[in-house]
Structures are given as structure tokens and as C-alpha cells.
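K.L.:
My questions will all concern the structure given below.
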Amino acid sequence: MQTFFFGLFYRAVDGNRHFTRHHKLHRVFATGLLGLAISGCSSFSGFDNVKPDVIGAESNASAPNASPTSEAPDSPPVYGNFEPEVLYLLTSAEIAAQRGRYDITLGHYVQAAQVSRDVGVIERATRIAQSLNSENTQQELVKLWLEVEPDSIEAHRSAAIQAVKSNDLALALVHMERIMELGGDADFDSLAAMAAGLSVERQQQLLTLYLDLAERHSDNPELEYSIALLMKIRDMPQPALARLQTLLEKHPTFQPAIILKGDLLYGSDQKRTALDHLMTNTRRFPGNQKMGALYGRMLVNEGELQAAQDEFERLVKRYPDMSELRLSHALVAIENQQGDIARKELTFLLNRGQQAAEANYYLGRLADNENRSIQAINYYQAVSEGVYYLPAQARASTLLAETGKLEQAVNAIQQLRQTNPGRSEALWMIEINLLLNQGQQQQAAEAIEQALLQHPGNIQIRYARAMMMDSQGNTAEAVQDLEQIVRDDADNAVALNALGYILTIRTERLFEARQLIGRALELEPENPAILDSMGWLLYREGKLQQALDYLSRAWAAFPDSEIAAHYGEVLWMTGAEEQARIIWEQGLKQDPQHEVLLETIERVGTQPASSTDAVEATAGE
Numbered sequence: 001m002q003t004f005f006f007g008l009f010y011r012a013v014d015g016n017r018h019f020t021r022h023h024k025l026h027r028v029f030a031t032g033l034l035g036l037a038i039s040g041c042s043s044f045s046g047f048d049n050v051k052p053d054v055i056g057a058e059s060n061a062s063a064p065n066a067s068p069t070s071e072a073p074d075s076p077p078v079y080g081n082f083e084p085e086v087l088y089l090l091t092s093a094e095i096a097a098q099r100g101r102y103d104i105t106l107g108h109y110v111q112a113a114q115v116s117r118d119v120g121v122i123e124r125a126t127r128i129a130q131s132l133n134s135e136n137t138q139q140e141l142v143k144l145w146l147e148v149e150p151d152s153i154e155a156h157r158s159a160a161i162q163a164v165k166s167n168d169l170a171l172a173l174v175h176m177e178r179i180m181e182l183g184g185d186a187d188f189d190s191l192a193a194m195a196a197g198l199s200v201e202r203q204q205q206l207l208t209l210y211l212d213l214a215e216r217h218s219d220n221p222e223l224e225y226s227i228a229l230l231m232k233i234r235d236m237p238q239p240a241l242a243r244l245q246t247l248l249e250k251h252p253t254f255q256p257a258i259i260l261k262g263d264l265l266y267g268s269d270q271k272r273t274a275l276d277h278l279m280t281n282t283r284r285f286p287g288n289q290k291m292g293a294l295y296g297r298m299l300v301n302e303g304e305l306q307a308a309q310d311e312f313e314r315l316v317k318r319y320p321d322m323s324e325l326r327l328s329h330a331l332v333a334i335e336n337q338q339g340d341i342a343r344k345e346l347t348f349l350l351n352r353g354q355q356a357a358e359a360n361y362y363l364g365r366l367a368d369n370e371n372r373s374i375q376a377i378n379y380y381q382a383v384s385e386g387v388y389y390l391p392a393q394a395r396a397s398t399l400l401a402e403t404g405k406l407e408q409a410v411n412a413i414q415q416l417r418q419t420n421p422g423r424s425e426a427l428w429m430i431e432i433n434l435l436l437n438q439g440q441q442q443q444a445a446e447a448i449e450q451a452l453l454q455h456p457g458n459i460q461i462r463y464a465r466a467m468m469m470d471s472q473g474n475t476a477e478a479v480q481d482l483e484q485i486v487r488d489d490a491d492n493a494v495a496l497n498a499l500g501y502i503l504t505i506r507t508e509r510l511f512e513a514r515q516l517i518g519r520a521l522e523l524e525p526e527n528p529a530i531l532d533s534m535g536w537l538l539y540r541e542g543k544l545q546q547a548l549d550y551l552s553r554a555w556a557a558f559p560d561s562e563i564a565a566h567y568g569e570v571l572w573m574t575g576a577e578e579q580a581r582i583i584w585e586q587g588l589k590q591d592p593q594h595e596v597l598l599e600t601i602e603r604v605g606t607q608p609a610s611s612t613d614a615v616e617a618t619a620g621e
């Protein structure tokens with residue numbers, strides 16, 4: 001909805017509007033000179049650093065090409081024909097703004113608008129109310145504005161905004177239709193786009209209103225496009241495509257419709273058709289950046305990486321200052337193992353201060369892949385914000401540890417916690433995982449205890465302690481932590497599954513385990529770890545065929561070594577010995593030293609031929 005508001009609010013003012021009789025006063029407001037005549041400083045100094053939206057809301061009565069700086073007169077400004085009461089309200093409003101009392105500023109502007117009924121004052125008051133998010137005042141002022149100037153595009157635009165905020169879509173469309181009739185941009189597409197956040201019922205209501213509007217305005221391409229967009233949101237791809245086909249037959253160069261058609265074709269599993277459609281039209285309209293970027297992303301999704309790289313390279317040449325396109329070009333080049341091209345693009349962005357977090361992260365990745373650890377660490381540690389911040393710091397700490405600087409890595413994480421207290425919990429997890437991965441069990445245990453003292457309600461930290469306790473054979477403590485997590489978060493599928501699995505393999509509490517794992521499956525029915533747990537529980541209950549069903553699904557979704565151990569054992573016990581051997585063989589290829597898998601093979605009493613040495617080595621330890 002916010003996008004729609006901004007789309008309406010920031011439309012360019014109609015430069016052909018007639019001036020009011022108070023033109024000179026409005027120009028004084030627009031150039032910020034009223035306060036100069038009163039107090040020797042800029043009229044809007046009170047707004048300059050606090051409410052930028054208000055500054056942008058200049059009176060529509062200003063001369064179309066007026067320059068705020070060149071209009072300053074050498075003598076005191078002419079105020080127009082306002083009554084003294086109105087002039088007092090306006091000047092006192094500006095003084096209040098300089099002092100940061102925007103509530104007084106708004107109140108005085110509202111009074112001045114009501115008394116003067118001057119369009120410029122009303123509009124100015126409306127913009128201030130919008131900037132201060134004063135909804136009731138906005139509604140009052142917009143009503144007044146329409147009374148005074150019923151054919152004002154900007155007044156109807158503001159009224160449409162208020163109607164949308166009040167969830168009165170029908171009234172919003174009344175004003176938008178009037179904007180269209182007056183020759184303005186009604187912004188039908190912005191309202192349609194924001195419908196994705198509405199309920200299904202409201203989406204359908206809006207679609208019905210648009211269809212009714214289209215009956216009255218049968219050849220409006222923006223309206224037809226908006227209907228197709230709404231149909232897409234309502235998951236009606238075929239009617240949307242049919243609507244777009246008719247639209248493009250009449251308006252073959254309407255580019256938003258061309259882009260939407262490509263998107264709908266791709267989403268309807270007509271991927272080749274979508275790619276062909278966009279390839280053709282990116283050549284017809286080479287300057288359409290959105291179309292080209294969509295085509296490039298689709299090529300990436302389809303694994304056509306060289307074609308995607310070529311498309312982003314073309315776009316970068318046309319739009320050299322678009323940092324998002326340059327970053328996309330770099331990332332596809334990385335996928336194509338063309339590190340020099342990627343490095344050039346990322347360095348360009350970094351030198352310009354654009355996409356700095358992403359550029360540092362991927363430059364770190366490039367150095368990391370080339371085993372240039374020092375450079376990689378420097379790049380990773382330079383990531384100071386964004387979604388790559390935590391992965392970058394985690395990888396930097398791992399590289400430091402791998403180069404024999406574990407203490408330095410831990411110290412760096414601790415310093416980050418001090419400078420970034422808002423990320424303290426995540427940084428604790430990085431430190432804990434680092435210590436565990438480096439085999440520092442005691443130090444990790446101490447870190448977990450300190451972390452829980454600071455963040456006793458953090459589920460991830462408590463879960464880490466439960467897993468560590470279980471690995472050390474402290475089943476009771478592990479169960480206690482997991483039970484605490486489940487009490488705090490009854491729908492935590494990971495914790496439910498972990499608790500159920502530990503009860504399955506460590507205790508005889510199988511009935512309770514079934515309830516826990518069953519609940520986890522309800523929450524995440526396709527999670528392979530949970531499917532594996534249920535299969536192993538059923539095996540322990542002696543229900544081999546049911547167990548095979550779950551374990552085969554788990555293996556198909558995620559063929560890892562532990563699932564191989566479980567699946568192979570149940571196959572063996574059902575007489576499918578050759579199939580069991582095949583599964584175990586595949587599991588050993590992934591991890592020849594997997595303890596659970598090797599123990600299973602040894603316990604069952606057989607092993608794949610290629611794994612004999614590994615089993616014997618384990619047995620001899």
C-alpha cells in the first residue's frame with residue numbers, strides 16, 4: 001500500500017494549472033522567503049533536517065519554471081491580499097516550524113486554509129499533514145480542497161490516498177477515474193500492485209471494481225494492464241494472458257504489458273515461450289532495463305548462464321551507473337567461473353562506494369576460492385552491514401582459525417559483539433560453532449553458558465547446548481534443554497524432531513517420541529530429517545514396511561550418510577540385502593568415515609566390498 005501512496009503523492013504537479021490571485025505569495029512560500037522577511041532566516045529552516053517531505057510540497061501556484069534561488073527579491077516580499085488574521089497564522093506557523101513545533105505549524109496552517117479557502121494554502125497544509133501522518137487532518141483538508149477546486153488532479157490524488165488508507169477501494173477508484181478524465185495519471189497499476197498485501201476477498205473486490213471501470217473506459221492500456229496484474233495476483237494466469245493478448249494487439253508497444261506477459265508465461269511453466277518472448281522484445285526495446293533484467297534472471301534460473309551474462313553485460317553498457325545490474329553481471333560471471341570479469345565489476349562498485357557489502361563479500365569469495373586467505377579475510381571483515389554481514393564474519397573467523405589464529409578469530413567476534421550489540425546473539429552462535437568445529441569442546445561449552453546468561457531466551461543457543469550435551473552422552477541435560485525450547489515455541493519443528501529423535505535412540509519413551517515427531521511432520525511434512533526420524537522410530541517399534549516408506553522418502557529428498565545408515569539397515573532386515581549394500585555404498589562415498597554408518601555396517605555383520613578397510617580400521621580403534 002505504501003508504494004501506491006508514494007506513487008500518488010510524488011506525481012509531478014500539472015504545469016498548466018491556472019495561477020491563483022495570490023500567485024506572488026505562493027511563490028514566496030515555494031522559495032522559502034516568508035521567514036526571511038520576519039526573522040532573517042529561511043522560512044522552512046525548521047523543516048530542513050526533520051521533515052523533508054514537507055519541503056518537497058511546494059505550492060502548485062508557483063511559476064512552472066521558477067527557480068527557488070533566482071526568485072529572491074532585493075526588497076521585502078509581497079504577501080498578496082490575505083486578511084491580517086490569515087497572514088498572522090501563516091507567519092506564526094513558519095516560526096513554529098523553525099522551532100520544531102510542527103504540531104503548531106500544522107494547526108495554524110489548517111486554520112489559515114479554512115479561513116482563506118486559498119488553494120495554495122490548502123495544498124500546503126495538506127502536504128504538511130501528510131508529512132506528519134495526521135490522517136484525520138488530511139481527510140478534513142482534502143474535503144475542503146475539493147470544495148474549493150473540484151477539478152484539481154492533485155486534490156483527487158490526495159483523496160484517493162485517503163480512501164485507500166481507509167480501505168475504501170470503491171471511493172479510491174472514483175477519484176482515480178476522475179483523475180483519468182481530467183487528463184492525469186490515475187496510477188491504476190500502483191493500486192493493483194499493492195493488492196498483493198490484501199485479503200483474497202479484497203483482491204476480488206478490487207478486480208471487480210476494475211472490470212466495471214474498464215466497461216466505461218474500454219481502451220485504456222494502463223487500466224487493462226492493471227486488470228491483468230490483479231488477475232496474476234489472484235492466481236488467474238490464463239485470463240490475465242488473454243487480457244494482455246488483446247491489449248498488445250491494440251497497443252503492441254505497451255512495454256509494461258510485454259514484461260508482465262513474459263512473467264506470466266514463465267510462471268505458467270511455459271518457460272521456453274517466456275524466454276523467446278523476452279529475447280525478442282529486449283531487442284525491440286533495448287533501453288527497457290526492467291525487461292532486460294527480468295530476461296537475465298530467467299536465464300539464470302534456467303541455467304543458461306552464458307546467455308545471462310551476455311544480457312547483463314549488454315545492460316551494464318547501456319546503464320553503466322546502475323549498480324544492481326553491474327552486481328548481477330559480476331555474480332553470473334562468478335557462476336561461469338570467469339573470476340577476472342567478476343573481480344573487475346566488483347572492484348568498480350567498491351571504488352564507487354556502491355553495493356559495498358555485496359562487493360566485499362563476493363571479492364572475499366573469489367579470494368577464498370583461490371586460496372588467498374589473507375585477502376579473503378580482509379574482504380570478509382570489511383562487510384559491515386546487510387544480509388552478508390554474518391556469513392562474511394563467520395567465514396572470516398573460520399579462515400583465521402584454519403591459519404592457526406583461533407584466538408584472534410574469537411577476539412574479533414567478541415569485539416564485533418561490543419560494537420554491534422544488536423547482533424550479539426547471532427555473533428555468539430558464530431563463536432560457538434567456530435569453537436565446536438575446531439574441536440574446542442570445553443571452550444565452546446563456556447561460550448554457550450556465557451551466551452545463555454546474556455540471552456536466556458535464545459532458542460538457537462539453547463539448541464546448540466542440547467546438541468553438545470547429547471554428543472557428550474548427557475542425555476538428560478539435552479532432553480531438558482529441548483523440552484524448554486518446545487515449551488517456549490510449541491511449533492518449532494526442528495526442536496520437536498530433535499527431542500523425538502533423542503528419545504527414540506536414547507530412551508524407551510517411544511510413545512512420547514512418536515507424538516513429538518508426528519507434530520514436527522505436521523509442521524514440515526517434506527523435511528527429510530523428520531522423515532528419517534519417523535522411519536527410525538517405526539523401525540524401533542517393529543513396523544518395518546512403514547519405516548521403509550518414510551526412510552525411502554527421506555533418502556530421495558536428501559541422500560546423506562546417516563539416512564543411508566538407517567535406510568540400509570531396515571532394507572537389510574526386510575531381506576533386501578543387495579539394495580542395502582548399494583545404499584550403504586552411496587553413503588560411504590559421501591563420508592567414508594561416518595561413524596553411524598560404519599557402526600551400522602559392522603553391527604549388521606556385512607559391508608560393501610570397497611568399505612572393508614574403513615570398517616576394519618574403525619573396529620580396531
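At position 144 of the sequence shown (counting the first as 1) the number is 144 in UniProt numbering, and the numbers step up by one without a gap. We put the beta carbon where it would ideally sit given N, CA and C, even for glycine. Here the structure is a predicted model, which means the values were calculated and not measured.
1) If you check the beta carbons only, do Pro320 and Arg326 fall under 9 Å apart?
2) Roughly how far, in whole angstroms, is the beta-carbon of Phe254 from the beta-carbon of Leu223, given that I think they are within contact range, below 8 Å?
3) When you compare only the Cα positions, how much space is there between Lys143 and Val110?
4) Grab me the residues of Ala170's own chain with a C-beta within less than 7 Å of its C-beta, minus the 5 sequence neighbours each way, in chain order.
5) Please go through the same chain and pick out, in chain order, the residues whose beta-carbon is closer than 8 Å to the beta-carbon of Gln289, but skip the five residues on each side of it.
6) So what's Ser116 in DSSP terms, helix, strand or just coil?
7) Over the uninterrupted alpha helix (DSSP H) stretch that includes Ala333, give me the two end residues.
8) From the DSSP output, in three-state form, read off Pro592 for me.
9) Distance check for Arg343 and Gly303, CA to CA, integer angstroms please.
10) Classify Tyr388 as helix, strand or coil using the three-state DSSP reduction.
11) Looking only at its chain, what residues have a beta carbon closer than 8 Å to the beta carbon of Tyr361, apart from the 5 residues adjacent to it on each side?
12) Grab me the residues of Leu531's own chain with a C-beta within less than 6 Å of its C-beta, minus the 5 sequence neighbours each way, in chain order.
13) If the criterion is Cβ atoms closer than 9 Å, does the pair Gln270 and Ile233 meet it?
14) Let me make sure I understand the geometry here. Which of Pro592, Gln515, Gln441, Val410 has the alpha-carbon closest to that of Asp491?
15) Please state whether the Cβ-Cβ distance between Val148 and Ala112 is less than 9 Å.
16) Which runs of the alpha helix (DSSP H) fall wholly inside the segment 102–156 and span at least 4 residues, in chain order?
17) Given a cut-off of 9 Å on the beta-carbon distance, is the pair Leu260 and Leu244 in contact?
18) In its own chain, which residues sit with a C-beta less than 8 Å from the C-beta of Gln408, not counting the 5 before and 5 after it?
19) Beta-carbon within less than 7 Å of Gln586's beta-carbon, same chain only, minus the 5 sequence neighbours each way: which residues are those?
20) Tell whether a beta-carbon distance below 9 Å holds between Leu496 and Glu541.
21) Would you mind sorting Asp118 into buried or exposed? The rule is 16 or more other CB atoms within 10 Å of its CB.
22) Looking only at C-alpha atoms, which of Ala228, Glu402, Glu449, Gly439 sits nearest to Asp263?
23) Tell me the start and end of each unbroken alpha helix (DSSP H) in the UniProt repeat "TPR" (528–561) that is at least 4 residues and wholly inside, in chain order.
24) Could you round the C-beta distance between Leu453 and Arg462 to whole angstroms and report it? I think they count as a contact, below 8 Å.
25) Helix, strand or coil: which one does DSSP assign to His26?
26) Should Gln590 go down as buried or exposed, given a rule of 16 or more other Cβ atoms within 10 Å for buried?
27) Thr507 lies in the alpha helix (DSSP H); which residues open and close that run?
28) Since Gln338 is in the alpha helix (DSSP H), which residue starts that stretch and which ends it?
29) Could you tell me the boundaries of the alpha helix (DSSP H) in which Asp276 lies?
30) Compare the C-alpha of Val604 against each of Trp572, Glu83, Gly364 and name the closest.
31) Considering only the alpha carbon of each residue, which of Ala498, Glu508, Glu181 lies closest to Leu521?
32) Fully enclosed by the segment 385–468, which alpha helix (DSSP H) runs are 4 residues long or longer?
33) Between Val174, Val200, Ser533, which has its C-alpha nearest Arg216's C-alpha?
34) Take Asn167 and list the residues in its own chain whose beta-carbon comes closer than 8 Å to its own, dropping the five residues that flank it on each side.
35) Give the single residue among Glu177, Glu140, Gly422 whose Cα lies nearest to the Cα of His156.
P.N.:
Reading off the structure:
1) Cβ distance < 9 Å, so Pro320 and Arg326 count as in contact.
2) That belief does not hold up - the Cβ atoms of Phe254 and Leu223 are roughly 12 Å apart, past 8 Å.
3) 12 Å
4) Leu209, listed in sequence order.
5) Leu315, Arg318, Tyr319, Met322, Leu325
6) Note: Ser116 maps to helix in three-state DSSP.
7) 323–335
8) coil
9) A direct Cα-Cα distance of roughly 22 Å separates Gly303 from Arg343.
10) coil
11) Short of 8 Å from the beta carbon of Tyr361, and not among the five residues preceding or following it, lie these beta carbons of its own chain, in chain order: Tyr379, Tyr380, Val383, Tyr388, Pro391, Ala392.
12) Around Leu531: Tyr550, Arg553, Ala554.
13) no
14) Gln515
15) In this structure, Val148 lies away from Ala112, with their beta-carbon atoms at least 9 Å apart.
16) 102–116, 119–131, 135–148
17) yes
18) Leu400
19) Pro559, Ala564
20) no
21) buried
22) Ala228
23) 528–540, 544–557
24) Leu453 to Arg462, Cβ: 12 Å. No contact.
25) Any answer about His26 is weak, because its pLDDT of 31 lies below 50 and its placement is not dependable; what the coordinates show is given next. The answer is helix: DSSP assigns His26 an H, G or I state.
26) exposed
27) First-last for Thr507: undefined, no H or E at that position.
28) Gln338 -> no alpha helix (DSSP H), and no H or E assigned at all.
29) First-last of the alpha helix (DSSP H) with Asp276: 271–284.
30) Trp572
31) Distance check between Leu521 and each of Ala498, Glu508, Glu181 places Ala498 closest, using alpha-carbon atoms only.
32) 389–402, 406–419, 424–437, 441–454
33) Closest in alpha carbon position to Arg216, among Val174, Val200, Ser533, is Val174.
34) Taken in chain order, the residues that qualify are Arg202.
35) The candidate whose alpha carbon is nearest that of His156 is Glu177.
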